[in-house]
Every structure is written in structure tokens, then in C-alpha cells.
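The numbers in the UniProt record's numbering rise by one with no breaks, and the one at position 149 of the sequence shown is 149.
All C-beta atoms, glycine included, are put in the ideal place defined by N, C-alpha and C.
Quick notes on the structure that follows.
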Amino acid sequence: MKLFSYILFVIFIVGSETKKFTRCRLATELIKTKFIEKTFLGNWVCLIEKVSNRDTKAFVVTPSGKKFYGLYQIPSRWCREGKKGGDCNIACESLLDDDIRDDTACAVNIFHEEGFKYWTQWTNRCKNDNHITTEIYKCPDLMSRRSNPESPLQSENLRVKRKLSRVGMERSRASSYYGLQ
């Protein structure tokens, strides 16, 4: 019975419509979630590109049986199949839909606990690479947003988010410098 439900789950994922973002569209959607700050936008876009190829329906099962879900390839430790649960208190299946807000909230939660180093693809393919950052800031939507003045409340929110992001980045740097896992 378990095998049958797993096969149905895979057929559902394969048979459902996939939303694959362009770099510019992904960057714009990430900004709209209000979970990602522009300072690290290039890192997030690079991470998503390298782990899921910007595909909301990306689903991987390793030979050892570990499952990874969605744009950020979030492992099942952070979610629960069939109902809310895991460290992000989210159903794994909801990481495979086109609504990226819950996926992004979970990924930011992981980032605040572990830093970008949690994703080995980021460490291997995005760390110290500014190519994608340079490219996304050429996107028309982001160029027009950069010229808009921010309200004082938005500025304060950004300061808090930047501080939290710096903590996550420092954890990534410190653990890779000292060789910690």
C-alpha cells in the first residue's frame, strides 16, 4: 500500500504542470515574498538555479531514500509528508506548488539556523561568484525598484533583515574556515 501511494505521489508530481522561472522573474518573485533582502538576492537566485534549475516541481529521491523538495530542494527533515510538520511546520507537498512564499519562508528559516553552507551546491557553485548577482541587477523590474526611495519603516525592516542575514553568512564562513560540518 505504501509503495502504491508513493507511485501515485510521483505520478502526481510528474503529471502536474511545472513552473520554471527565468532569472529575472525569480528575482522579482523573491523580492515580492518579503523574506529575501536584495543584499543576498544573487546568492538565493544562484542557489535555486543550481539545486533545482528554478523549477517549482523539482523532486529528488536519493538511492538512500532521502527526499528533497521544490525550488530550494528542502529535505524531508524540514517538512512532513501528508500534513504540516518538520522543523518548518509545513507539508512537503506544499513545497512543490507554484506558491513560493512558504518554500522561501522555510529556506530562510534554514538559512538563519545553518547559513548558506547548509546547501553544498551553494558552497561549491555560488560562494564567491558574483556573476548571477551582476546579471539579475540588469533585470528591468529590479532596475526600476532600485531607484524608488524607501520609507523609514521599510529601511528599519531592511536593517533588521540584513543583520539576521549577516549572522547566517558569518556562520557559513566560520564553519567552512574551521572545517566544521
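- Item | alpha helix (DSSP H) segment containing Lys50, residue limits | Translated into positions along the sequence shown, residue 50 becomes position 50. Element bounds for Lys50: 41-52.
- Once you ignore the five residues that flank Phe21 on each side, which residues in its own chain have a CB closer than 6 angstroms to its CB? As a first step, residue 21 is located in the sequence shown; it is residue number 21 there, counting from the start. Taken in chain order, the residues that qualify are Arg54.
- Task: Put Ile100 into one of helix, strand or coil per three-state DSSP.
- Result: Here residue 100 refers to the residue found at position 100 of the sequence shown. In the structure shown, Ile100 sits in a helix (DSSP, three-state: H, G or I).
- Item | Selection from Lys50, Cys46, Gly168 that minimises the alpha carbon distance to residue 204 | As displayed, the chain neither begins before 1 nor continues past 181, which places residue 204 out of reach and without an answer.
- Item | Lys117 (DSSP reduced to helix, strand or coil) | Counted from its first residue, the sequence shown places residue 117 at position 117. Here DSSP, grouped into helix, strand and coil, assigns Lys117 to helix.
- Item | Meets three-Cβ-pair contact criterion under 8 angstroms: the stretch 42-58 and the stretch 116-128 | The stretch 42-58 vs the stretch 116-128: in contact.
- Item | Sub-8 angstroms separation of Thr33 and Thr133 beta-carbons | The residue you call residue 33 lines up with position 33 of the sequence shown. The residue you call residue 133 lines up with position 133 of the sequence shown. No, the pair does not count as a contact, with Cβ atoms beyond the cut-off.
- Do the CB positions of Gln73 and Val61 come within less than 8 angstroms of each other? Counting from 1 along the sequence shown, the entry for residue 73 is found at position 73. Counting from 1 along the sequence shown, the entry for residue 61 is found at position 61. Going by C-beta atoms, Gln73 is not nearer than 8 angstroms to Val61.
- With which residues is Lys20 paired in a DSSP beta bridge? Position 20 of the sequence shown holds residue 20. In the DSSP output, where bridge partners are listed per residue, Lys20 has Asp55.
- Item | Own chain, CB closer than 8 angstroms to Lys66, minus 5 neighbours either side, in chain order | Taking the sequence shown and counting its residues from 1, one reaches residue 66 at position 66. Spatial neighbours of Lys66 in its own chain (CB-CB distance under 8 angstroms, excluding positions within 5 residues in sequence) are listed in chain order as Pro75, Ser76.
- Message: Quick check: the Cα distance between Phe40 and Cys92, rounded to an integer number of angstroms?
- Response: As a first step, residue 40 is located in the sequence shown; it is residue number 40 there, counting from the start. As a first step, residue 92 is located in the sequence shown; it is residue number 92 there, counting from the start. For Phe40 and Cys92, the distance between alpha carbons rounds to 25 angstroms.
- Query: Going along the chain, which unbroken runs of the beta strand (DSSP E) with 3 or more residues stay wholly within the stretch 62-108?
  - Reply: Scanning the stretch 62-108 for uninterrupted beta strand (DSSP E) segments of 3 residues or longer gives 67-69, listed from N- to C-terminal end.
- Task: List the DSSP bridge partners of Val60.
- Result: In the sequence shown, residue 60 corresponds to position 60, counting from 1. In DSSP, Val60 forms a bridge with Phe68.
- Query: Going along the chain, which residues of its own chain have a beta-carbon closer than 7 angstroms to the beta-carbon of Lys161, five neighbours each way excluded?
  - Reply: One-based indexing of the sequence shown puts residue 161 at position 161. Listed in chain order, the non-local C-beta contacts of Lys161 below 7 angstroms within the same chain comprise Glu37, local neighbours out to five positions each way being set aside.
- Item | Straight-line gap, Asp102 to Lys84 (C-alpha atoms, nearest Å) | Here residue 102 is taken as the residue at index 102 of the sequence shown, counted from 1. Here residue 84 is taken as the residue at index 84 of the sequence shown, counted from 1. Cα to Cα, the separation comes out at about 12 angstroms.
- Nearest to His131 by alpha carbon, out of Leu30, Val45, Ser165? As a first step, residue 131 is located in the sequence shown; it is residue number 131 there, counting from the start. Closest by alpha carbon: Val45.
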